[in-house]
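Remarks on the structure that follows.
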Amino acid sequence: MASRRVSSVLSRSFTSASLFSAGRSSSVARGIGKYSTDASIEAPIIPSVKVNYTQLLINGQFVDAASGKTFPTLDPRTGNVIAHVAEGDSEDINRAVSAARKAFDEGPWPKMTAYERSRVLFRFADLVEKHNDEIAALETWDNGKPFEQAAKIEVPMLVRFFRYYAGFADKIHGLTVPADGEYHVQTLHEPIGVAGQIIPWNFPLLMFAWKVAPALACGNTVVLKTAELTPLSALYVATLLQEAGLPPGVLNVVSGFGPTAGAALCSHMEVDKVAFTGSTDTGKKVLELAAKSNLKIVTLELGGKSPFIVCEDADVDKAVELAHFAVFFNTGQCCCSGSRTFVHERVYDEFIEKAKARAEKRIVGDPFKEGVEQGPQIDSDQFQKILKYIDYGIKSGATLETGGGRLGTKGFYIKPTVFSNVKDDMPIAQDEIFGPVQSILKYKDLDEVIRRANATRYGLAAGVFTQNIDTANTLTRALRVGSVWINCFDIFDAAIPFGGYKMSGHGREKGIYGLSNYLQVKAVVTPLKNPAWL
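Residue numbers (UniProt numbering): 1 to 534.
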């Protein structure tokens, strides 16, 4: 996710030459035609950043998994192994939870003044800023997202989120409550305890920030399970938190797989709260495990099939560009991707032609190369899943306007794909594909598009493109989603809450709402003797 498109966000100076091996040009792509098949796909740029952290972080120390096992993390550009990472399981979760429990019950973090906690988080943000390009290079190498996106958007957003919540740390307080009778009543906002957190592979750094920053600001301790496909960046930035002065055991990072490490974390009796971002199916399992253990509190940010509604008064050129960004950003691997593009019948044909042309101009290639808009999909499984859905679209009668297949012969690159004449009952209009596939649907009026946009099990986000404020207001209130973006998309400011309706999840992350996920409210009542006032 990102706050704005790459071309317009941040003006910070940016150089990448030091991160790449000599002998390969990192200049802006030139002469790249339809779906870039430039040589960088076949001969990938080699980043010079080193992978220094592949063990589990438990109680302030990097340690091997109890079993001694490791698993490979792969370069999505080639499928080659980047590094072998410790494979944590239930025993490692036990060790990590024990460390977090002791750090919360006996350690200095929750007993530290809120101001001192904020200073640690501010120092961490400064360190991340200092190491911006190294962190971004790890993220790109492990995930496949464009380096410009990681370096200019996502790492700076990590910094912004931590500074935002660092500023909140000493502003968390309860209330004095008037009551009927001679009583003094106050509420205390207390840290919840040990927070288990499970982050996804599509935005490892941002999800680290969304979860870890508010948890620490509130005085909790954390056991974080990384996604097995992208463990490297979280391990790196965790070391910077230690350097910033975070006490041992306050943040523990376990890399591993969902059925073993993830399940153990969700069902652990000493974990007080779980936060999960991922698929709806896995979210159901998280909720079940939490309920069957100690009924721990759960927040879930799950799947989506977001509508992007282009109204009849739209400037078609601008609408095409924004709709393109809404679905293809981050290679389509975005939970709130605007993958159902509803276009009014008056502008439908024009929109189709221009959407097709824009997709064919999209620059796909090595994500370390400047100017590249789209890198590879994360792995072979996701790659095959997307191709399967493209085949479903063709077989179900949608019109394949462009794309529809693999790009190149190495790695997991897919051509930007556009379907027209899509019907609501087609799999490509119902299911979360999580890839670069745009499904364009025609509608006649507002009542129809509201009904169809809401006819989904998901409710994460929606986009609306119109010049009419009345139309915008009507859609804003009618759409059953957690976020509505009017004439914009994917705006993820630290202060803006994010979360879903229906099967897109429970609770909200970011902003002041994100603090409530990590606090308990306690009422304290004391009798008053002969009070001067009530």
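Every residue, glycine too, gets a C-beta built ideally from N, C-alpha and C. Computed from a predicted structure; not experimentally measured.
Check                                                                                                                                                                 : Outcome
Scan the stretch 269-353 and note each continuous beta strand (DSSP E) run of 3 residues or more that stays entirely inside, going in chain order.                    : 273-277, 297-301, 307-310 and 340-344
Measure the alpha-carbon distance for Ile433 versus Pro376 and round it to whole angstroms.                                                                           : 15 Å
At what residues does the alpha helix (DSSP H) containing residue 547 begin and finish?                                                                               : Past the boundaries of the shown model lies residue 547; the chain is included only from 1 to 534, so the question cannot be answered.
CB Arg477 to CB Lys502, shorter than 8 Å?                                                                                                                             : no
Can you tell me the Cα-Cα spacing of Gly514 and Pro497, whole angstroms?                                                                                              : 7 Å
Taking three-plus beta-carbon pairs below 8 Å as touching, is the stretch 100-109 in contact with the stretch 325-343?                                                : no
Are the beta-carbon atoms of Ala355 and Val254 separated by less than 8 Å?                                                                                            : no
Who are Tyr458's beta bridge partners in DSSP?                                                                                                                        : Lys502
Measuring only the C-alpha atoms, how far is Phe489 from Ile309?                                                                                                      : 11 Å
At which residues does the beta strand (DSSP E) containing Phe71 begin and terminate?                                                                                 : Thr70 to Leu74
Using C-beta distances below 6 Å, list every residue in its chain close to Asn143, excluding the 5 sequence neighbours before and after it, in chain order.           : Thr230
Could you check whether Ile414 and Phe368 sit closer than 8 Å to each other, using their CB atoms as the reference points?                                            : no
Rounded to the nearest angstrom, how far is the Cβ of Ala455 from that of Asp424, given a contact under 8 Å?                                                          : 6 Å
Taking 8 Å as the cut-off, decide whether the C-beta atoms of Tyr392 and Val437 are in contact.                                                                       : no
To the nearest angstrom, how far is the alpha carbon of Glu148 from that of Asn94?                                                                                    : 38 Å
Once the 5 residues before and after Gly404 are set aside, which same chain residues still bring their CB inside 6 Å of it?                                           : Ile390 and Thr417
In whole angstroms, give me the CA-to-CA distance for Asp366 and Lys444.                                                                                              : 41 Å
Would you report the Cα separation of Asn421 and Glu401, rounded to the nearest angstrom?                                                                             : 10 Å
Can you tell me whether Met157 is buried or exposed? The criterion is at least 16 other CB atoms within 10 Å of its CB, across all chains shown.                      : buried
What are the start and end residues of the alpha helix (DSSP H) that includes Val372?                                                                                 : Neither: Val372 is in no alpha helix (DSSP H) and is coded neither H nor E.
Restricting to Cα atoms, I'd like to know which of Ala114, Gly196 and Gln55 is closest to Phe168.                                                                     : Ala114
Whole angstroms is fine: what's the gap from Ser306's alpha carbon to Thr466's?                                                                                       : 17 Å
Runs of 4 residues minimum, wholly inside the stretch 117-179: which ones carry the alpha helix (DSSP H) assignment?                                                  : 132-143 and 155-168
Using CA coordinates, which residue listed in Thr409, Phe276 and Ile192 is at the minimum distance from Glu301?                                                       : Phe276
Between which two residues does the beta strand (DSSP E) carrying Tyr443 extend?                                                                                      : Val437 to Tyr443
Using a beta-carbon distance below 8 Å, is Val316 in contact with chain C?                                                                                            : Here there is only one protein chain, and chain C is not present.
Taking the C-alpha atoms as reference points, what is the distance between Leu446 and Asp470?                                                                         : 11 Å
I'd like to check one pair, Ser267 with Ser293: are the Cβ atoms closer than 8 Å?                                                                                     : yes
Would Trp141 and Ile199 qualify as a contact pair, given that the criterion is a beta-carbon distance under 8 Å?                                                      : no
In the DSSP assignment, what are the bridge partners of Tyr183?                                                                                                       : Pro527
Return the chain-ordered list of same chain residues with a C-beta closer than 6 Å to the C-beta of Asn530, the five sequence neighbours on each side being excluded. : none
As an exercise, report each continuous beta strand (DSSP E) stretch of at least 3 residues that is fully enclosed by the stretch 380-440, in chain order.             : 399-402 and 417-420
Ignoring anything shorter than 4 residues or poking outside the stretch 61-113, list the alpha helix (DSSP H) runs there in chain order.                              : 90-105
Val212 to Ala472, Cα distance in whole Å?                                                                                                                             : 35 Å
Can you tell me whether DSSP reads Ser516 as helix, strand or coil?                                                                                                   : helix
Taking the continuous alpha helix (DSSP H) assigned at Gln467, which residues delimit it?                                                                             : First-last for Gln467: undefined, no H or E at that position.
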